[in-house]
Amino acid sequence: MKIYGVGIIGLGIMGRTMMTSMAEHDRFKVVCGWDPSAESVQSAIELQPDLNILQGAEAVITHEEADLVYIAAPPLNHKEYALRTIAEQKPVYCEKPLGVDISESRHLLAAVEDAGVANIINFNLATALSAAIVKEQLDAGRLGQVAGISINLHVPQWPRAFQVSAGWLKGRAQGGYCREVFSHWIYLTRRLLGDGILKHAETRYPADENLCETSLQAELNFGGVPVYLSGITGGAGPVGVEYTLWAEEKSFRISSGGSFQSSNGSDWSDEPIPSQEKDRKDAHRQLDAVVSVLEGDDRAMPNMVDGLAVQELVEGILSCGGN
0 MKIYGVGIIG LGIMGRTMMT SMAEHDRFKV VCGWDPSAES VQSAIELQPD
50 LNILQGAEAV ITHEEADLVY IAAPPLNHKE YALRTIAEQK PVYCEKPLGV
100 DISESRHLLA AVEDAGVANI INFNLATALS AAIVKEQLDA GRLGQVAGIS
150 INLHVPQWPR AFQVSAGWLK GRAQGGYCRE VFSHWIYLTR RLLGDGILKH
200 AETRYPADEN LCETSLQAEL NFGGVPVYLS GITGGAGPVG VEYTLWAEEK
250 SFRISSGGSF QSSNGSDWSD EPIPSQEKDR KDAHRQLDAV VSVLEGDDRA
300 MPNMVDGLAV QELVEGILSC GGN
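Number 224 in numbering that gives the first Met the number 0 belongs to position 225 of the sequence shown; there are no gaps in the numbering.
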């Protein structure tokens, strides 16, 4: 049984979360990493004292024990690091969003496809059990006609408390919750219903042109189904996303907090989970799928085709706005 060596570019919160997940999986070993932040490097060493800290992204990409390169750097760096990785004929596992500039992401996708290298975009709902159950019942025709989907987000402050050290997340150039959070839910909607188009959006920004969006409303359409997004920062209340698929016979509600409910017309109730899956962590299930990609099943996880489709919708939403 092969154990895949992993090099990590970016040892911030996402990189360290992946380190923790891979340490608990028997098919991965993080062999090296790099981050320009000394604080992030120190936090990573505290998690894995034997981690080989290298002197740059290039050293991680070319490290002889790195079978897979995981890119957890800010989005503006994704193209550069991914192109170098595929030049080494190594699989690339990239955080979402794929990028910010549409033309650059199209160029990256073309290069990856020409190279024939395995590539993954880290949408965390790709292997979520709730998403799999909704898709199975939808595809089997058990839900009836889908009336629409609503996706509602609220965060009292952005970035969230655990992200404040990543200053780029509050910037308009590559941050904001539409890219960071809504990308996952747009990916899920596309997975359930097929390709989507943006019908209308209104995005509000602060007067400071360097800062990211504060609120947004958008209407999209996926396979003839209307999808409504609403996001706002500020105000007292819980942090989270509620994703509701409204259908004729049975509706589903997925919460970013972990709840998964359904309704046949009465009150929401917890959706039953298969007993054999209850104790399996989402992160372990996702890494199982990564192994499948590395071993030839290129649709076990989202790839850069999916990443570009989501990015085009997200950047379309962000382009429709003002102060």
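Backbone N, C-alpha and C fix where the C-beta goes; we use that ideal spot for every residue, glycine too.
None of these values were measured; they are calculated from a predicted model.
Please list, in chain order, all residues of the same chain as E270 whose beta carbon is under 8 Å from its beta carbon, the five residues on each side excluded.
S129, I132, F251, F259, Q260, S261
Query raised in the report: Cβ-heavy atom distance between P48 and the ligand GDP below 7 Å?
Result: Absence of the ligand GDP is noted for the structure shown, with no ligands found whatsoever.
ask   = What are the start and end residues of each continuous beta strand (DSSP E) run of 3 or more residues lying completely inside the stretch 9-89, in chain order?
value = 27-33, 67-70
Original post:
If you drop the 5 nearest sequence neighbours on each side, which residues of the same chain put their C-beta closer than 7 Å to that of T84?
Top reply: I60, V68, V91
Practice item. Indicate the three-state DSSP secondary structure (helix, strand or coil) for I7 in the structure shown. Key: strand
Assign F161 to one of two classes, buried (16 or more other C-beta atoms within 10 Å of its C-beta) or exposed (fewer than that). Classification of F161: exposed, given that the 10 Å Cβ count is below 16.
Taking H62 and V111 to be in contact with their CB atoms under 8 Å, please state how far apart those CB atoms are, rounded to whole angstroms. About 20 Å separates the two Cβ atoms, so there is no contact after all.
Under DSSP, the beta strand (DSSP E) around L215 begins and ends at which residues?
214-221
Beta strand (DSSP E) runs contained entirely in the stretch 244-309, provided each spans 3 or more residues:
250-254, 259-262
- prompt: Can you tell me whether DSSP reads R203 as helix, strand or coil?
  reply: strand
What residue range does the alpha helix (DSSP H) around V146 cover? What sits at residue 146 in the sequence shown is Ala, not Val. Run containing A146: none in the alpha helix (DSSP H); it sits in the beta strand (DSSP E), 145-154.
CB-CB length for P96 against G306, believed under 8 Å:
With a Cβ gap of about 7 Å, P96 and G306 count as contacting.
- Item | Length of the line joining the Cα atoms of W245 and A200 | 21 Å
Practice prompt. Consult DSSP for E241 and reduce its assignment to one of helix, strand or coil.
Written response: DSSP places E241 in the strand class (E or B) of the three-state scheme.
*What's the C-alpha gap between E311 and E218?*
14 Å
- Message: Need the endpoints of the alpha helix (DSSP H) that E94 sits in, please.
- Response: It is not in any alpha helix (DSSP H) - E94 instead sits in the beta strand (DSSP E) that spans 91-94.
R190 and K134 closer than 8 Å at C-beta: yes
Let's see if you can read the secondary structure: which residues bound the beta strand (DSSP E) around L228?
224-232
query = Going by other Cβ atoms of all chains shown within 10 Å of its Cβ, with 16 needed for buried, is D34 buried or exposed?
reply = buried
Integer-rounded CB distance, given that A43 should sit under 8 Å from G32
6 Å
Same chain, Cβ closer than 8 Å to I12, neighbours up to 5 away in sequence not counted = F161, Q162, S164, A165
Notebook entry, point to check: Cβ of V145 within 8 Å of Cβ of V224?
Noted result: yes
N-terminal and C-terminal residue of the beta strand (DSSP E) that Q101 is part of: In the sequence as displayed, the identity of residue 101 is Ile instead of Gln. Per DSSP, I101 belongs to no beta strand (DSSP E); it is in the alpha helix (DSSP H), 101-114.
Closest to E94 by C-alpha separation, out of A114, A71, R279, Q88, would be which residue? Measuring from the Cα of E94, the nearest candidate turns out to be A71.
So what does DSSP say about G315, is it helix, strand or coil? helix
inquiry  = Suppose you measure from the CA of Q47 to the CA of A109; what does that come to, to the nearest Å?
reply    = 36 Å
Would you report the Cα separation of D266 and I231, rounded to the nearest angstrom? 26 Å
Can you tell me the Cα-Cα spacing of G4 and A235, whole angstroms? 44 Å
- Task: Could you tell me which of G295, T243, T19, I150 sits nearest to I323, measuring between CA atoms?
- Result: The structure shown does not extend to residue 323, since the chain is modelled only from 0 to 322, so the question has no answer here.
Could you spell out where the alpha helix (DSSP H) holding I185 opens and where it closes? 182-192 is the span of the alpha helix (DSSP H), which, as asked, contains I185.
request  = Go to I132, then tell me how far its alpha helix (DSSP H) extends in each direction, as first and last residue.
outcome  = 128-138
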